[in-house]
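Residue numbers (my numbering): -18 to 229. Glycine is no exception: its CB is placed at the ideal position from the N, C-alpha and C atoms. The structure under discussion appears below in the form of structure tokens.
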Ligand code: AMP
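Here's what the structure looks like:
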């Protein structure tokens, strides 16, 4: 079985995003970028399935700027076998990414596509679901456990109030949640080896996909600044204060 893992280059999760002065978006100039954390979990899961002898090849794919090659090299250094970059300088919405992935699935025919549950920059949580719908394939989203069993995969999902396990017929789509695994760090020898692994660069046009945006961002603004708290002497003072503030 082949596993396809889409990985997105996003602003590093440790960086505090700054909104551009003109309110058109987040300032990404000179900001550290990394692989979307949920996608690291997806790469790790694919590697574990391969290590368990249940997959033969892992293909990492990214839709993004030339710099997204770094993200793909990270996936290769972790243990992916081969990578494909669909290079574009425009921002690509989940539907367009899903359409490109659909075309790659048609070419590569993977038994599993493992995506992150969401990209931490747009927080869309849409691409995996859209891909499953476009392909007409079963989906197990927010996975906290993935078990391949012959021609099926059991996916334990984190849902409100507990865990749900669904059994999907392969080929299928899975999206990862935070508790699925702890991604490994790439060792130095593997980082060196990754430089020699195959990385193909293509464009959306190669797959006949129109990536023109369907959405228009009207405004991006900083969240309201939190006001400092106040200390009160006792319960009476607290009640008085709450009444003053109109919350009691
Ligand atoms: P989203 O629907 O944007 O929250 O993204 C969900 C998942 O889809 C991500 O965790 C990635 O696995 C995948 N994905 C989204 N955008 C891209 C992209 N530009 N390139 C590769 N994978 C992507």
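By the criterion of a C-beta distance shorter than 6 Å, residue 175 is surrounded in its chain by 54, 57, 58, once the five residues flanking it on both sides are discounted. Here DSSP, grouped into helix, strand and coil, assigns residue -18 to coil. Judged by beta-carbon spacing, residue 38 lies within the 8 Å limit of residue 62, meaning their Cβ atoms are closer than that value.
In the three-state DSSP reduction, residue 115 falls in the helix class (H, G or I).
Beyond the five residues adjoining it in sequence on each side, residue 121 comes within less than 8 Å, by CB distance, of 127, 134, 136, 138, 147, 149, 153, 154, 155, 156 in the same chain, given in chain order. Relative to ligand 1, the beta carbon of residue 123 is positioned no closer than 7 Å to any heavy atom.
Of the other Cβ atoms in all chains shown, 16 or more fall within 10 Å of the Cβ of residue 43; this residue is therefore buried. Remark: fewer than three beta-carbon pairs, one from each stretch, lie closer than 8 Å, so the stretch 82 to 102 and the stretch 200 to 215 are not flagged as touching. Shown here for residue 16: same chain residues with a beta carbon closer than 6 Å to its own, the five before and five after excluded, namely -12, 52, 55 in chain order. Sequence-distant partners of residue 84 (beyond 5 residues in either direction) whose C-beta falls short of 8 Å from its own C-beta, in its chain, are 188, 189, 190. With at least 16 other beta carbons inside 10 angstroms of its own, residue 162 counts as buried. Counting every other CB atom within 10 Å of its CB across the protein chains shown gives residue 88 a total below 16, marking it as exposed. Nearest to residue 129 by alpha-carbon distance, out of 67, 173, 27, 170, is 27.
When beta bridges are read from the DSSP output, residue 139 appears opposite 144. A Cβ-Cβ distance of about 14 Å is found for the pair residue 23 and residue -9, leaving them out of contact under the 8 Å criterion. Within the chosen limit of 7 Å, ligand 1 reaches the beta carbon of residue 103 through at least one heavy atom. For residue 221, the enclosing alpha helix (DSSP H) has its first and last residue at 216 to 226. Not one heavy atom of ligand 1 sits closer than 7 Å to the Cβ of residue 171.
One thing to note: residue 77 has its Cβ within 8 Å of the Cβ of residue 192. In the structure shown, residue 29 falls within a helical segment according to DSSP collapsed to helix, strand and coil.
Assigned with DSSP and collapsed to three states, residue 181 falls in strand.
Residue -17 holds the alpha-carbon nearest to the alpha-carbon of residue 30 among 201, -17, 177, 140.
Judged by the Cβ position, residue 107 qualifies as a neighbour of ligand 1 at the 7 Å threshold, a heavy atom of the ligand being closer than this. Secondary structure at residue 88: helix, using DSSP grouped into helix, strand and coil.
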